[in-house]
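**Student:** Numbering (the working numbering), first residue to last: 703 to 857. Don't be surprised by glycine CBs; every beta carbon is placed ideally from N, CA and C. All figures in this text were calculated on a predicted structure; none of them were measured in a lab. I am attaching a structure below and will ask some questions about it afterwards.
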């Protein structure tokens with residue numbers, strides 16, 4: 703693909719673009735999956751944030767801070783803070799026409815790292831440095847993609 707051929711870069715025949723779409727879709731579903739995880743804790747503990755929600759479950763109460771629920775909410779917030787940055791950085795990186803094997807593996811690794819981050823933070827709490835490692839991998843990949851894009855297009 704020639705530099706600057708946007709139609710080819712954003713074509714379904716480009717394996718990097720296809721990987722971008724798949725990884726983004728997996729990450730969207732992963733973020734969406736946090737809501738049922740939080741709800742599972744709320745219903746199991748009969749703890750809700752809004753008084754009107756307590757009417758759904760006998761014996762439910764309003765509690766604004768529960769450690770299990772807050773852990774899931776923090777994991778969700780971390781996703782909301784980091785995954786959109788990856789979407790943007792990865793799109794910019796895709797437009798640099800990167801080496802396909804590297805680009806595809808970076809996107810897959812980022813996706814796996816975000817899933818691992820949620821798992822060790824909110825599903826089965828694993829001691830540090832597991833969460834820092836999972837976060838750091840994703841953070842580093844996003845930074846690498848952003849810097850690569852700047853270096854490619856900054857003239």
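Can you check whether the CB of residue 840 is closer than 8 Å to the CB of residue 819?
**Tutor:** As a first step, residue 819 is located in the chain shown; it is residue number 117 there, counting from the start. As a first step, residue 840 is located in the chain shown; it is residue number 138 there, counting from the start. Going by C-beta atoms, residue 819 is nearer than 8 Å to residue 840.
**Student:** Tell me which residues share the same chain as residue 848 and place their Cβ nearer than 6 Å to its Cβ, disregarding the 5 neighbours each side in the sequence.
**Tutor:** The residue labelled residue 848 in the question sits at position 146 within the chain shown. Cβ neighbours of residue 848 beyond the five flanking positions: 791.
**Student:** Whole angstroms is fine: what's the gap from residue 811's alpha carbon to residue 757's?
**Tutor:** Here the question's residue 811 lines up with position 109 in the chain shown. Here the question's residue 757 lines up with position 55 in the chain shown. Within the model, the alpha-carbon separation for residue 811 versus residue 757 is close to 43 Å.
**Student:** Using C-beta distances below 8 Å, list every residue in its chain close to residue 720, excluding the 5 sequence neighbours before and after it, in chain order.
**Tutor:** Here residue 720 refers to the residue found at position 18 of the chain shown. Excluding sequence neighbours, residue 720 sits near 714.
**Student:** Between residue 780 and the rest of its own chain, which residues show a CB-CB distance below 8 Å, the 5 nearest in sequence each way excluded?
**Tutor:** The residue you call residue 780 lines up with position 78 of the chain shown. Excluding residues within five positions, the ones whose Cβ falls inside 8 Å are 819, 823, 837.
**Student:** Would you kindly work out how many angstroms separate the C-alpha atoms of residue 784 and residue 761, rounded to a whole number?
**Tutor:** Taking the chain shown and counting its residues from 1, the one referred to as residue 784 is at position 82. Taking the chain shown and counting its residues from 1, the one referred to as residue 761 is at position 59. Going by the C-alpha atoms only, they are around 37 Å apart.
**Student:** Threshold first: 4 residues or longer. Then list the alpha helix (DSSP H) segments lying entirely within the segment 709-776, N to C.
**Tutor:** 717-734, 736-747
**Student:** Considering only the beta carbon of each residue, do residue 768 and residue 748 sit closer than 8 Å?
**Tutor:** By 1-based counting over the chain shown, the position of residue 768 is 66. By 1-based counting over the chain shown, the position of residue 748 is 46. Not in contact: residue 768 and residue 748 (Cβ atoms no closer than 8 Å).
**Student:** Looking only at its chain, what residues have a beta carbon closer than 8 Å to the beta carbon of residue 703, apart from the 5 residues adjacent to it on each side?
**Tutor:** Along the chain shown, one-based indexing puts residue 703 at 1. Residue placement at residue 703 cannot be trusted, given a pLDDT of 43 that sits under 50; what the coordinates show is reported in the next sentence. Answer for residue 703: 710, 711, 716, 799, listed in chain order.
**Student:** Alpha carbon to alpha carbon, what distance is there between residue 754 and residue 831?
**Tutor:** For the purposes of this step, residue 831 is taken as the residue at position 129 of the chain shown. For the purposes of this step, residue 754 is taken as the residue at position 52 of the chain shown. Their Cα atoms are separated by approximately 39 Å.
**Student:** With H, G and I counted as helix, E and B as strand and the rest as coil, what does DSSP make of residue 803?
**Tutor:** Within the chain shown, the letter at position 101 stands for residue 803. The answer is helix: DSSP assigns residue 803 an H, G or I state.
**Student:** According to the Cβ coordinates, are residue 843 and residue 718 closer than 8 Å?
**Tutor:** Position 141 of the chain shown, counting from 1, holds the residue named residue 843. Position 16 of the chain shown, counting from 1, holds the residue named residue 718. The answer is no: Cβ separation not under 8 Å.
**Student:** Look up residue 857 in the DSSP assignment and say whether it is helix, strand or coil.
**Tutor:** Indexing the chain shown from 1 puts residue 857 at position 155. Residue 857 falls in the coil class under three-state DSSP.
**Student:** In three-state terms, what does DSSP make of residue 704?
**Tutor:** Here residue 704 is taken as the residue at index 2 of the chain shown, counted from 1. Caution is warranted here: a pLDDT of 45 is assigned to residue 704, below 50, making its placement in the model unreliable, and the coordinate value is therefore given only provisionally. Note: residue 704 maps to coil in three-state DSSP.
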